[in-house]
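As given, the protein sequences belong to chains A and B, one line each in that order.
Residues 6 to 223 in my numbering are what the first sequence lists, from first letter to last.
Residues 991 to 1057 in my numbering are what the second sequence lists, from first letter to last.
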Amino acid sequence: MGKSDLTSTKKVIVELHGHVKSLMLLAEELEPENESYISLHAELKHALDHLMRAHGVEWEMVQPPNDVDSETYVSKQYGKAFSHLYRAFFDVADWAGIILREHIIATFKPFSPEAISEVFPEYYKKIRPQLEKINTDIARFRERKDIGREENVLPEVERYNSVLQSLIETRASLEAKIPSLVEYDRKNWIRRAGDILIGVLSGIAIGLIVYLITHWKS
Amino acid sequence: MQAQLLAWQDAFHRNLPRQRRITKRTLGLIGRLPRLFRGGARLHMGRIWTDSAYEKRRRRVLSTRLP
Chain A
6 MGKSDLTSTK KVIVELHGHV KSLMLLAEEL EPENESYISL HAELKHALDH LMRAHGVEWE
66 MVQPPNDVDS ETYVSKQYGK AFSHLYRAFF DVADWAGIIL REHIIATFKP FSPEAISEVF
126 PEYYKKIRPQ LEKINTDIAR FRERKDIGRE ENVLPEVERY NSVLQSLIET RASLEAKIPS
186 LVEYDRKNWI RRAGDILIGV LSGIAIGLIV YLITHWKS
Chain B
991 MQAQLLAWQD AFHRNLPRQR RITKRTLGLI GRLPRLFRGG ARLHMGRIWT DSAYEKRRRR
1051 VLSTRLP
C-alpha cells in the first residue's frame, strides 16, 4: 500500500470515528432509561490499540514483530483499526435504530390505524416501509464478517446516517401529530357513540311500532 | 505461566484481551467497586445494559409489529 493509499485510509478512519461518536451521543441522549450500551466500547478500544501500534512503528519507536516489513505492518494495523470502527458504527447504528423504533411503537400504540392514516398519510406510504427495512439491514451488516473496502464504506455509512436522520425526523413529526391524533380519535369516538345511540334508538322505535301494530286490535 | 509485568515494548504488539460479556455480575461488581469503573457517569453508576438484557430488548422491539 502506497503512502497516498495510507493517507486515504487514515482519513476514512477519522471520518468513521466521527460518525460513531455522533451516533453514540445521539443514542445516549435518546436512551429512555439513561443506560449506556458499553459493549460497543470494546471495538473502540481495539481500534485505539491498532492505531497506537501503527504510530509506534511509523515513528520508529518500536520495531515490527517477527521481521515483518514496517510498511506492511503499519498498513495492516490501520486496516484493523478501520475494521473495528466499521463494526462499532453498525453496533451503535443498531442501538440508535432500536431506541428510535421503540419510541415510535410506544408513541403510536394508543391510536387506531385509521387515525394514523388519516392524520399522517405519509406514515404508511413512506415511513413504515423504511422503518421495517432499516433494522433488518443493520442486523445483516452486523452479521457480515467481511469488511468492505474503505472507499465503499463512507457512502454506506452516509446512507445509514440519512435513514437514521429520517427516523429522528419521523420521531419529531410524530410528537407534533399527537394532538391531531387525539382529536381525531375523540371525534371518531363521538361519531361512533352517536351511531350506536341511533342504532339503539331505531331498534327501540321499530320494536315499539311492531308492538303497537300487533296489539292494536286487542 | 506466571503473571508478569512486561516492558511496554514487549507488550506493544500483543493483542488486548477480549471483552467479557456484560452480565448482572458485572453490575454487582460496579456497585461494590465503583471507583474502578470511571469510563463515564453512566458506567460509574452501573447504568449500563447487560448483553443479555440488550439482546432481549432488541428481539422484543424487532418482533413488535409497527402500528
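Even for Gly, the Cβ is constructed at its ideal location relative to N, Cα and C.
Q | Simplified DSSP state of residue 117 of chain A, which is helix, strand or coil | A | Here residue 117 of chain A refers to the residue found at position 112 when the first sequence is read from its first residue. It is coil, neither helix nor strand.
Q) Would residue 56 of chain A count as contacting chain B if we go by Cβ distances under 8 Å? A) If you number the first sequence from 1, residue 56 of chain A lands on position 51. For residue 56 of chain A, the answer is no, since every Cβ of chain B falls outside 8 Å of its Cβ.
Q: Would you check if the distance between the CB atom of residue 40 of chain A and the CB atom of residue 1037 of chain B is smaller than 8 Å?
A: Along the first sequence, one-based indexing puts residue 40 of chain A at 35. Along the second sequence, one-based indexing puts residue 1037 of chain B at 47. In contact: residue 40 of chain A and residue 1037 of chain B (Cβ atoms closer than 8 Å).
**Q.** Test: residue 91 of chain A CB closer than 8 Å to a CB of chain B
**A.** Numbered from its first residue, the first sequence carries residue 91 of chain A at position 86. By this cut-off, residue 91 of chain A is not an interface position.
Q. Mapping DSSP to helix, strand and coil, what is residue 1012 of chain B?
A. For the purposes of this step, residue 1012 of chain B is identified with residue 22 of the second sequence, where counting begins at 1. Coil.
Q.
Please tell me whether residue 1013 of chain B has its Cβ less than 8 Å away from any Cβ of chain A.
A. For the purposes of this step, residue 1013 of chain B is taken as the residue at position 23 of the second sequence. Cβ-Cβ to chain A under 8 Å: no for residue 1013 of chain B.
Q | Distance, residue 169 of chain A Cα to residue 121 of chain A Cα | A | As a working mapping, residue 121 of chain A is identified with position 116 in the first sequence. As a working mapping, residue 169 of chain A is identified with position 164 in the first sequence. Going by the C-alpha atoms only, they are around 21 Å apart.
Q. Where does the unbroken alpha helix (DSSP H) through residue 998 of chain B begin, and where does it stop?
A. Counting from one through the second sequence, the residue named residue 998 of chain B turns up at place 8. Taken as a continuous stretch (DSSP letters only), the alpha helix (DSSP H) holding residue 998 of chain B covers 998-1001.
(Q) Assuming residue 83 of chain A and residue 11 of chain A are in contact, meaning their beta carbons sit under 8 Å apart, how far apart are those beta carbons, in whole angstroms? (A) The count along the first sequence starts at 1 and reaches residue 83 of chain A at position 78. The count along the first sequence starts at 1 and reaches residue 11 of chain A at position 6. Under the criterion of beta carbons closer than 8 Å, residue 83 of chain A and residue 11 of chain A qualify as touching, at roughly 6 Å.
Q: Flag this pair as yes or no: are the beta carbons of residue 159 of chain A and residue 101 of chain A separated by less than 8 Å?
A: Reading the first sequence from its first residue, position 154 is the one you call residue 159 of chain A. Reading the first sequence from its first residue, position 96 is the one you call residue 101 of chain A. In this structure, residue 101 of chain A does not lie closer than 8 Å to residue 159 of chain A by Cβ.
Q: Specify whether the stretch 68-83 of chain A and the stretch 105-117 of chain A touch according to this definition: at least 3 beta carbon pairs, one from each stretch, less than 8 Å apart.
A: Contact between the stretch 68-83 of chain A and the stretch 105-117 of chain A is absent: fewer than 3 CB-CB pairs across the two stretches fall below 8 Å.
Q.
Which residues does DSSP list as the beta-bridge partners of residue 1038 of chain B?
A. One-based indexing of the second sequence puts residue 1038 of chain B at position 48. The beta-bridge partner set that DSSP reports for residue 1038 of chain B consists of A/41.
Q: Return the chain-ordered list of same chain residues with a C-beta closer than 7 Å to the C-beta of residue 996 of chain B, the five sequence neighbours on each side being excluded.
A: For the purposes of this step, residue 996 of chain B is taken as the residue at position 6 of the second sequence. Only residues of its own chain outside the window of five on either side were considered, and among them none has a CB closer than 7 Å to the CB of residue 996 of chain B.
Q | Backbone secondary structure at residue 1007 of chain B - three-state DSSP | A | As a first step, residue 1007 of chain B is located in the second sequence; it is residue number 17 there, counting from the start. Note: residue 1007 of chain B maps to coil in three-state DSSP.
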